[in-house]
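Below you'll find the structure, written out as structure tokens, and then a few comments.
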Amino acid sequence: MPAPLLAVDLARGDWQVRVLPALGGALASASWRGQPVLRPSAEEALQQGLVRRSACYPLLPFSNRIADAAFSFEGRAYVLTANFDNEPHAIHGLGFQRPWQVRSSSAESVTMQLEHASPAAGEWPFALRATQVVTLEGDDLVLQLEVENLDQRRAPCGLGWHPFFPLISAAQPTQLQTHWQAMLLNGPDKLPCGSVPPPDTRHLDTLTIDNCFTDWSGQAILTGPHHRITLTASTALRCAVLFRPSGQPFYAFEPVSHPNNALHGIAPAMHILEPGQRLAGEMRLSLSAVPSSDPRSAA
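Now the structure itself:
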């Protein structure tokens, strides 16, 4: 039987958050006034190391898919290991697949670090150091992520988060308010094949979607029966992936720095870091009660 995962529990005011550094720097849970803000994780799944069933995990040094787990950069070809079910692609980078080390912690904050110093065959070919900070500030849950290029070469870099949010029931709907300029269409291979004006994504309970949106405003308001979440991302994160699988009681709203398959020419391009250069991003979840004028407040 595996040893229990070491958890770092944070609490401040109405917030309770559990972080699992050894499980990909993931969040196991986050609640506000006793109600889940993020999708609760099944303890059995976490103990089995199923980080994709956690409440939220970091994405680095890229988000979503790289076609056929291969890419070329500055005249050299690289092959990665496909790491997602039976797909031929590489997905979501390495941050969620590695244990993170706790560098400091308090009742309200934890700082974790991950070093990828000597890439092996099939791994991300550029050395890096990532730092993730999870902090409770008043009514806000703040996640900060920084990636530093430790390589002697220039390196492409992206980052973001994959938070999951619960859907309570169709009788207690959740609504999304945000603004973006375009939605990337997916081909049969689940890779972008064009863009269209964004469809109506307000009613999350009735959606089935897994698409990247570009030129995002950097803010989304998620209103459910128990609370309102204002998700705000820093300027480095101006793409977002909205994922709601058919019939499932959850969705994901993922603030990221680049679109799916950006290393194969999908714009906007990934950041390019010089040796020693860093890329940083922040996601803030601000909680408030649902206004009494909203019919969901009585649900």
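Heads up: the sequence shown begins at 8 in the working numbering, then just goes up one per residue. Yeah, the Cβ is synthetic: ideal placement off N, Cα and C, and Gly gets one too. Bear in mind that the values here come from a model prediction, so they are computed numbers and not experimental data.
With a cut-off of 8 Å, does the C-beta of residue i fall near any C-beta of chain C?
| i | result |
| --- | --- |
| ARG40 | Protein chain content of the structure displayed is limited to a single chain, and chain C is not contained in it. |
With burial defined as no fewer than 16 other Cβ atoms inside 10 Å of the residue's Cβ, what is the status of residue i: buried or exposed?
| i | result |
| --- | --- |
| ALA305 | Because the pLDDT of ALA305 is 43, which lies under 50, any placement of that residue in the model is unreliable, and the question is left without a value. |
| HIS210 | exposed |
| HIS186 | exposed |
| THR88 | exposed |
| GLU281 | exposed |
| ARG235 | buried |
| LEU57 | exposed |
| GLY102 | buried |
| ASN71 | buried |
| LEU192 | exposed |
| ASP92 | exposed |
| PRO65 | buried |
| SER295 | exposed |
| PRO199 | buried |
| PRO4 | Examination of residue 4 is not possible in this model, given that the chain is present from 8 through 306 alone. |
Cα-Cα, which of the options is closest to residue i?
| i | options | result |
| --- | --- | --- |
| PRO73 | ARG110, ARG291 and ASP196 | As written in the sequence, residue 73 is Ile, which differs from the Pro given in the question. Of the listed residues, the one whose Cα sits closest to ILE73 is ASP196. |
| GLY20 | GLN255, ALA114 and PHE260 | ALA114 |
| SER38 | GLY31, PRO47 and GLY32 | PRO47 |
| VAL154 | LEU17, ARG285, ASP16 and SER295 | ARG285 |
| PRO204 | THR213, ARG83 and CYS219 | CYS219 |
| ILE98 | VAL24, PHE260, LEU166 and MET190 | LEU166 |
| LEU30 | VAL248, PRO180 and GLN108 | GLN108 |
| ARG59 | SER79, PRO43 and ALA33 | ALA33 |
| GLN226 | LEU214, ASP212, PRO232 and ALA247 | ALA247 |
| HIS3 | SER79, SER176 and THR142 | The displayed coordinates of the chain run from 8 to 306. Any statement about residue 3 would go beyond what the structure contains. |
| VAL86 | PHE78, PRO28 and ASP92 | PHE78 |
| LEU12 | SER264, GLN23, ALA18 and GLN54 | GLN54 |
| GLY194 | PRO275, ASN267 and GLY129 | ASN267 |
| THR237 | GLY283, PRO206, ALA274 and ASP146 | ASP146 |
From residue i to residue j, what does the alpha carbon distance come to, in whole angstroms?
| i | j | result |
| --- | --- | --- |
| LEU183 | ARG40 | 21 Å |
| MET8 | ALA14 | Annotation note: pLDDT 43 at MET8 (below 50); position unreliable, no value reported. |
| HIS271 | TRP131 | 16 Å |
| ASP16 | ALA84 | 43 Å |
| PRO106 | SER293 | 28 Å |
| HIS123 | ALA134 | 5 Å |
| ALA49 | GLU81 | 43 Å |
| TRP223 | MET277 | 16 Å |
| VAL44 | VAL149 | 13 Å |
| GLN42 | GLN159 | 47 Å |
| THR239 | ARG291 | 5 Å |
| GLN23 | GLU261 | 21 Å |
| GLN255 | LEU229 | 17 Å |
| THR208 | GLN188 | 13 Å |
| GLY283 | ARG161 | 9 Å |
| GLY100 | PRO68 | 5 Å |
| GLN139 | SER264 | 16 Å |
| PRO275 | TRP168 | 18 Å |
What does a CB cutoff of less than 6 Å around residue i pick up in its chain, not counting 5 residues either side in sequence?
| i | result |
| --- | --- |
| ARG110 | THR118 and GLN120 |
| ASP75 | PRO95 |
| GLU289 | GLN151 and SER241 |
| GLY201 | LEU192 |
| ALA52 | ARG60 |
| PRO126 | PRO132 |
| ARG136 | GLU122, GLU155 and LEU157 |
| ARG245 | TRP223 |
| ARG25 | ALA14, ASP16, ALA35 and SER36 |
| ALA287 | GLU153 |
Considering only residues of the same chain and omitting the five flanking positions on each side of residue i, which have a CB-CB separation below 7 Å?
| i | result |
| --- | --- |
| PHE257 | ARG46, PHE171, PHE172, PRO173 and LEU174 |
| THR142 | GLU115, SER116 and VAL149 |
| ARG251 | LEU211, LEU214, THR215, ILE216 and TYR258 |
Within 7 Å: the Cβ of residue i and any heavy atom of the ligand MN?
| i | result |
| --- | --- |
| ILE236 | Among the components of this structure there are no ligands whatsoever, and the ligand MN is therefore not found. |
Might you give, ordered along the chain, the residues of its own chain that have their beta carbon closer than 8 Å to the beta carbon of residue i, omitting 5 neighbours on each side?
| i | result |
| --- | --- |
| GLY129 | VAL86, LEU87 and THR88 |
| ILE279 | ARG161, ALA162, PRO163 and CYS164 |
| VAL297 | THR230, GLY231, PRO232, HIS233, HIS234, ARG235, ARG303 and SER304 |
| PRO18 | The residue you asked about is not Pro; residue 18 is Ala in the sequence shown. So the list reads VAL24, ALA114, GLU115 and LEU143, once near-sequence residues are dropped. |
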